[in-house]
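At position 206 of the sequence shown the residue is numbered 209 (the working numbering), and the sequence of numbers has no breaks. Where a beta carbon is used, it is the ideal one built from N, C-alpha and C, also for glycine.
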Amino acid sequence: MQQRAWHHITDLTRRTIFDALRLGKHYWAGKLDDVEFLSRIFDLTSLPSNDNRHMDMAGDIARHRIMNPTDWDDDWVFSDPRIGLLQVPDEVFLKFLCEMVHPIVRDDTEVDDLVATFNRYLAPDGYRLVVMDTMSGRRVFGAELALVGADGPLDDARLIAQALSSSHMAAQISRMRANIVQDAPLAIGSAKEFVESLCKGILDARVVTRTGKEDFPALVSMTRDALGLKVNPKSDATLKSMLGALGTMTNSIAELRGQMGTGHGGVPGTGVPPAGVARLAVNAAVALAVFFWETHQATFNRTPRGTDR
4 MQQRAWHHIT
14 DLTRRTIFDA
24 LRLGKHYWAG
34 KLDDVEFLSR
44 IFDLTSLPSN
54 DNRHMDMAGD
64 IARHRIMNPT
74 DWDDDWVFSD
84 PRIGLLQVPD
94 EVFLKFLCEM
104 VHPIVRDDTE
114 VDDLVATFNR
124 YLAPDGYRLV
134 VMDTMSGRRV
144 FGAELALVGA
154 DGPLDDARLI
164 AQALSSSHMA
174 AQISRMRANI
184 VQDAPLAIGS
194 AKEFVESLCK
204 GILDARVVTR
214 TGKEDFPALV
224 SMTRDALGLK
234 VNPKSDATLK
244 SMLGALGTMT
254 NSIAELRGQM
264 GTGHGGVPGT
274 GVPPAGVARL
284 AVNAAVALAV
294 FFWETHQATF
304 NRTPRGTDR
């Protein structure tokens, strides 16, 4: 799917970040040389050389920054028009920042300071860097698009991921938040996967046997039963209505993911869902997950281990 080019990060923000890097004496390429670092983001072999002795930008940089390191200043990359960091789409600029704090590029001792600096200046333009994954126990950062009203439910979801010490679920949450606007199908798919992961975690904690082949509705149904949330005709009418709605919510998220989300080959010509639909799916999935998690926490100590309810 072709992504839209976003330009919310202003020229002022970009220049301010570059100035902060200069003042803090943070070398942008970290432990890598300039060619190694920039090749993680750009195809340098497709960009021109300003030196007629080389066929492409990779050779140009190697001569003037590796063979003859004093030819160009350390911050040459901030203003080189071939890279165009002041004009590139937000996703490319953010990729540049994320690579700066990647475990392969930089030691942990500098990462917290850099991420705090980036987030301080990115905030007015609606972005921030967050942990998306881990590599050998080291944090890997990605960018999130800040959305009004999105943090409340997702902050609750993050508490679940932290309680389960799950970097996998933390990454799902970050993908949901970052892609509601930029890649709605991915946000919808990640919302479903988040509920699936939580259901599996609850079922395993309660020693409920799974075959591993259960689909999404089956996992939710098994979790509901394990938590004692079966609809009982004698239940209070309001509670009965709420529990009955769980099934409808589950099926809706699954169908939406199948029709518009990631995970299955889409029918050619399938339209991209609007951000509002993606936000609805994310909020519904998080609400369901939080309800399951709070019920699990409230009843787990009173449920005999090994009991398949």
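Just to confirm the assignment, what range does the beta strand (DSSP E) spanning residue i have?
{"i": "residue 95", "result": "Premise fails: residue 95 lies in the alpha helix (DSSP H), 93-103, not in any beta strand (DSSP E)."}
{"i": "residue 2", "result": "Within the shown structure, residues of the chain are numbered from 4 to 312, placing residue 2 beyond reach of any answer."}
{"i": "residue 137", "result": "130-138"}
I'd like the span of the alpha helix (DSSP H) that includes residue i, first residue to last.
{"i": "residue 60", "result": "60-64"}
{"i": "residue 225", "result": "219-229"}
{"i": "residue 46", "result": "First-last for residue 46: undefined, no H or E at that position."}
{"i": "residue 121", "result": "111-125"}
{"i": "residue 26", "result": "14-26"}
Sort the options by Cα distance to residue i and report the nearest one.
{"i": "residue 302", "options": "228, 282 and 256", "result": "228"}
{"i": "residue 292", "options": "212, 163 and 105", "result": "163"}
{"i": "residue 281", "options": "219, 180, 251 and 198", "result": "180"}
{"i": "residue 99", "options": "64, 138, 296 and 20", "result": "20"}
{"i": "residue 120", "options": "108, 104, 110 and 135", "result": "104"}
{"i": "residue 221", "options": "294, 198, 176 and 16", "result": "198"}
{"i": "residue 138", "options": "160, 109, 159 and 288", "result": "109"}
{"i": "residue 38", "options": "64, 223, 18 and 52", "result": "64"}
{"i": "residue 167", "options": "201, 295 and 214", "result": "201"}
{"i": "residue 134", "options": "127, 159, 106 and 124", "result": "106"}
{"i": "residue 87", "options": "14, 252 and 115", "result": "14"}
{"i": "residue 97", "options": "59, 285, 10 and 72", "result": "10"}
{"i": "residue 178", "options": "131, 47, 218 and 141", "result": "131"}
{"i": "residue 255", "options": "195, 298 and 60", "result": "195"}
{"i": "residue 94", "options": "114, 116 and 125", "result": "125"}
{"i": "residue 300", "options": "83, 40, 78 and 206", "result": "206"}
{"i": "residue 48", "options": "85, 285 and 218", "result": "85"}
Residue i to residue j, Cα distance in whole Å?
{"i": "residue 129", "j": "residue 112", "result": "26 Å"}
{"i": "residue 225", "j": "residue 188", "result": "26 Å"}
{"i": "residue 91", "j": "residue 157", "result": "29 Å"}
{"i": "residue 193", "j": "residue 146", "result": "16 Å"}
{"i": "residue 241", "j": "residue 248", "result": "11 Å"}
{"i": "residue 80", "j": "residue 170", "result": "33 Å"}
{"i": "residue 143", "j": "residue 216", "result": "31 Å"}
{"i": "residue 287", "j": "residue 31", "result": "40 Å"}
{"i": "residue 62", "j": "residue 42", "result": "12 Å"}
{"i": "residue 53", "j": "residue 70", "result": "16 Å"}
{"i": "residue 24", "j": "residue 50", "result": "25 Å"}
{"i": "residue 183", "j": "residue 258", "result": "18 Å"}
{"i": "residue 44", "j": "residue 210", "result": "45 Å"}
{"i": "residue 208", "j": "residue 231", "result": "15 Å"}
{"i": "residue 212", "j": "residue 165", "result": "24 Å"}
{"i": "residue 1", "j": "residue 279", "result": "The requested residue 1 is not part of the displayed model; the chain covers only 4 to 312."}
{"i": "residue 59", "j": "residue 66", "result": "11 Å"}
{"i": "residue 116", "j": "residue 127", "result": "19 Å"}
For residue i, count neighbouring Cβ atoms within 10 angstroms of its own Cβ and tell me buried if that reaches 16, exposed if not.
{"i": "residue 33", "result": "buried"}
{"i": "residue 204", "result": "buried"}
{"i": "residue 68", "result": "buried"}
{"i": "residue 175", "result": "buried"}
{"i": "residue 173", "result": "buried"}
{"i": "residue 28", "result": "exposed"}
{"i": "residue 17", "result": "buried"}
{"i": "residue 160", "result": "buried"}
{"i": "residue 26", "result": "exposed"}
{"i": "residue 186", "result": "buried"}
{"i": "residue 297", "result": "exposed"}
My parser needs the alpha helix (DSSP H) runs of 4 or more residues fully inside the region 185-218; what are they?
Fully enclosed alpha helix (DSSP H) runs of 4 or longer: 187-208.
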